[in-house]
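Residues in the sequence shown are numbered from -17 upward in steps of one, following this note's numbering. Cβ coordinates follow ideal geometry from the N, Cα and C atoms, glycine included. In this text the structure is predicted, and so the values were computed from the model without any measurement. Below: one structure, written as structure tokens.
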Amino acid sequence: MRGPARPSPMTQPCRILPIMPSGFLPVPHCKQSADGMCLPACAAMLTAYLGRPISQQHLARLFDTQDFGTPASRIRRLDQLGFSVIYESGSVPLLWHQIESGVPCIVFVWTGDLPYWSVSTPHAIVVIAITDDAVWVNDPAFDAAPQKVPLGDFELAWSEFDYRCAVIMRSGGKEL
């Protein structure tokens, strides 16, 4: 007799967040599996949100992630798995538009400017909501999600990486 089905090595569950307030995107939260795994964890959140969950480990191999992390531009390699990726410099109004359209974004930040961090390092996070005074993010380095970041602190942290962000879409250009 066979045992229960095992999850595919391509998938790894992310934690579904409790019911979120209006304007918050229901992006599952994935905690990064190790130091340096923030970009694979963020990509896992977005692929799960798009209905095609892929494990951090598979994404880390695709991105050639090292112990110290992954260059942000390697997010473009998701096209090898059938996703379309827009990787460019953005702005808060652009993020606001994406969130209002139901599209979360990965942003690249310097953690030393984020009030809930105690160390300074390059990092990737997922924006799931924006209000007049704050940005709400799923930060893969923490169990708790979402994290509230005052808008000024967010912009300062993001400016360190020239406001680089990534939007992931299903193949064919459909964002959702």
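Check: Considering E82, what are the terminal residues of the alpha helix (DSSP H) in which it resides?; Outcome: V74 to E82
Check: Taking the C-alpha atoms as reference points, what is the distance between P53 and E142?; Outcome: 14 Å
Check: Measuring CA to CA, which of A30, V149 and V119 is closest to M6?; Outcome: Checking the displayed sequence, the identity of residue 6 turns out to be Phe instead of Met. Looking at the Cα atoms, V119 is the closest of the given residues.
Check: Tell me whether K101 is buried or exposed, calling it buried when 16 or more other Cβ atoms sit within 10 Å of its Cβ.; Outcome: In the sequence as presented, Lys is not what sits at residue 101; that position holds Val. V101 is exposed by the Cβ-count criterion.
Check: Return the first residue and the last residue of the alpha helix (DSSP H) that F50 is part of.; Outcome: No alpha helix (DSSP H) holds F50; DSSP gives it neither H nor E.
Check: Just verifying my parser: in three-state terms, what is the DSSP assignment at I57?; Outcome: helix
Check: Could you tell me if A139 is buried or exposed, where buried requires 16 or more neighbouring beta carbons within 10 angstroms of its beta carbon?; Outcome: buried
Check: Given C(-4), which residues of its chain have a CB within under 8 Å of its CB, disregarding the five upstream and five downstream residues?; Outcome: P10, H11, C12, A26, M27, A30 and P35
Check: Let me check understanding here. Comparing Cα to Cα, which of A16, A123 and L32 lies closest to G64?; Outcome: L32
Check: DSSP beta-bridge partners for C87?; Outcome: V109
Check: Do you know offhand how far S37's Cα is from T113's?; Outcome: 31 Å
Check: Look up Q129 in the DSSP assignment and say whether it is helix, strand or coil.; Outcome: strand
Check: Measure from the alpha carbon of I81 to the alpha carbon of each residue in R58, D95, V109 and Y69, then state which is nearest.; Outcome: V109
Check: Quick check on DSSP: helix, strand or coil for Y69?; Outcome: strand
Check: Going by the CB atoms, is the gap between Y98 and Q129 shorter than 7 Å?; Outcome: yes
Check: Which of the three DSSP states, helix, strand or coil, is assigned to A25?; Outcome: helix
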